[in-house]
Amino acid sequence: MAEYWYNVVTHEVEKGPQSDWRKLIGPYPTREEAEQALEKVRARNEKWDEEDEENRFF
1 MAEYWYNVVT HEVEKGPQSD WRKLIGPYPT REEAEQALEK VRARNEKWDE
51 EDEENRFF
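In this text, residue positions in the sequence shown follow full-length UniProt numbering: the first is 1, and each later residue adds one.
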């Protein structure tokens, strides 16, 4: 079964890891999911930031 990776330097999807792992996000089971990698990362980071704010003690 093929795995797809999103290259954060070229902004292209790779079938199988073809680049240095430091440039890749993945693996994803489909090309379509890999194409959405940056949006998934952005949404996850926003959620974590919100959780951090909620759990902050002053």
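The beta-carbon is built from N, C-alpha and C at its ideal position, and this holds for glycine as well.
Owing to the predicted nature of the structure, the values given are computational and were not obtained by experimental measurement.
### Task
Report yes if the CB atom of VAL9 is closer than 8 Å to the CB atom of ALA34, and no otherwise.
no
### Nearest-angstrom Cα separation, counted from TYR28 out to PHE57
37 Å
### Message
For GLN36 and HIS11, what's the separation of their Cα atoms in angstroms?
### Response
11 Å
### Task
Kindly identify the DSSP beta-bridge partner or partners of VAL13.
TYR6
### Message
Quick check on the DSSP output: what are the complete alpha helix (DSSP H) runs of length 4 or more inside the UniProt domain "SPOR" (12-43), in order along the chain?
### Response
31-35
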